[in-house]
Amino acid sequence: MDSGRPLTDMIIEGFPPGGVSDNISPHNEIQARDEVPAAVKGNKRRSKNFTIKEDEMLVSSWLNVSLDPVRGVNQSKDTYWKRIHNYFHSKKEFESDCTQSSLMSRWSSILHDCNIFAGCVSKVEGRNQSGASVDDKQANALTMYKNEDPFNRTFQYIHCWKILKDQSKWTNRRQPTGPQKPFSKKQKTTADSTPAADVADYVAETETTITTVERPIGTKKEKLKLKQRSSIEALDYLLAKKKEVDAEKELKKKERELKKEERELKKQEMCQKALTLQEERIKLDKEKFDFEQDREEERIINIDMSRMSTRQQQFYDDQQKKILARRLGN
1 MDSGRPLTDM
11 IIEGFPPGGV
21 SDNISPHNEI
31 QARDEVPAAV
41 KGNKRRSKNF
51 TIKEDEMLVS
61 SWLNVSLDPV
71 RGVNQSKDTY
81 WKRIHNYFHS
91 KKEFESDCTQ
101 SSLMSRWSSI
111 LHDCNIFAGC
121 VSKVEGRNQS
131 GASVDDKQAN
141 ALTMYKNEDP
151 FNRTFQYIHC
161 WKILKDQSKW
171 TNRRQPTGPQ
181 KPFSKKQKTT
191 ADSTPAADVA
201 DYVAETETTI
211 TTVERPIGTK
221 KEKLKLKQRS
231 SIEALDYLLA
241 KKKEVDAEKE
251 LKKKERELKK
261 EERELKKQEM
271 CQKALTLQEE
281 RIKLDKEKFD
291 FEQDREEERI
301 INIDMSRMST
311 RQQQFYDDQQ
321 KKILARRLGN
């Protein structure tokens, strides 16, 4: 597609999403996803003008939906604008009855004029004026816009431009690739115009009231971030798993040591019991021996030697003496 054609012509001719070349001049640099019909037929339109807050909320809604790294381009036009419409009404902090079709039509006007104003800004910056401040360059761009407009109109969307100017879609392609087309005479000036205001005074105002734009990161950065997060999560999981395994090993080691100590204790107890039994057995044997010995000695002491021979009498007499000597000695 010819990148030198104004985006407004492409919008009116209804090129499908994704059909716009990246080599787009500053006033044509919004991609085809952002292109909407200049007028939406068959839908009820609002009767009142858009306010500055509504314009700012619309631009913020478009940025947040179109810069979505996941769903920004993978959706139909109807789904795309439904999301913008839903975002608009879910985030607004003021009363508004803007319909989806009115937002689409209004965005077409904002897009057209901001693209042309971007071209004026590029021309002014291309002059490399020494000592010119940012405000001076913006004032010169506003003057150029009015002078080049066939109806000598002022730029009515400076409040929208303040939000759009720092977005990468504008700053990355600020240098024009060819001559820019003049203003389209199809630009709306009535139903969707911002209420009359002194643009120069508005330029001097602070931008603190502009709706904060959530700046989603690019798809590649998002994927890289997800990959890094996945890697970190995987590493955390492995470390946690290792800690669990180490803790389980330590627990099993302590269990083995405890069981070993229990076995040693039982072994000692069994040895002690065996020793005690042995001692008791020895004691019983000794008692039995003493009992038998006492009974034998008692027999010898009380034996009748009257019928014994002299030799037998002498033997038992000696035994009796020994027994008596031992017992008396004890």
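Residue numbers (the UniProt record's numbering): 1 to 330. Virtual Cβ for every residue (Gly too), placed ideally from N, Cα, C.
Item, Value
"If you compare alpha carbons, which of ASP294, THR310 and SER61 is closest to ARG327?", "ASP294"
"Going by Cα to Cα distance, which pick from LYS53, VAL245, GLY329 and ILE303 is closest to GLN319?", "ILE303"
"Is ASN147 helix, strand or coil by DSSP?", "helix"
"Helix, strand or coil for LYS123? Go by DSSP, reduced to three states.", "helix"
"With distance defined between alpha-carbon atoms, name the residue in LYS288, LEU275 and ILE323 nearest to GLU297.", "ILE323"
"If you measure between the beta carbons of ASP113 and GLN167, is that distance less than 9 Å?", "no"
"Does the region 96-114 touch the region 45-64, meaning 3 or more C-beta pairs lie closer than 8 Å?", "yes"
"For the region 77-85 against the region 100-109, are there 3 or more C-beta pairs whose distance is under 8 Å?", "yes"
"What would DSSP say about ALA325, mapped onto helix, strand or coil?", "helix"
"Apart from the five residues just before and just after ALA141, which ones in its own chain have a Cβ nearer than 7 Å to its Cβ?", "PHE117, CYS120, VAL121 and VAL124"
"Which ranges does the beta strand (DSSP E) cover as unbroken runs of at least 3 residues, wholly within the region 244-330, from first to last along the chain?", "none"
"Would you report the Cα separation of ASP149 and LYS137, rounded to the nearest angstrom?", "18 Å"
"Quick one: what does DSSP say SER21 is sitting in, helix, strand or coil?", "Summary for SER21: the model assigns pLDDT 34, below 50, so the residue's position carries little reliability, and this model does not support an answer."
"Tell me the DSSP secondary structure of ARG229 in three-state form.", "helix"
"If I follow the unbroken alpha helix (DSSP H) through TYR80, where does it start and stop?", "77-91"
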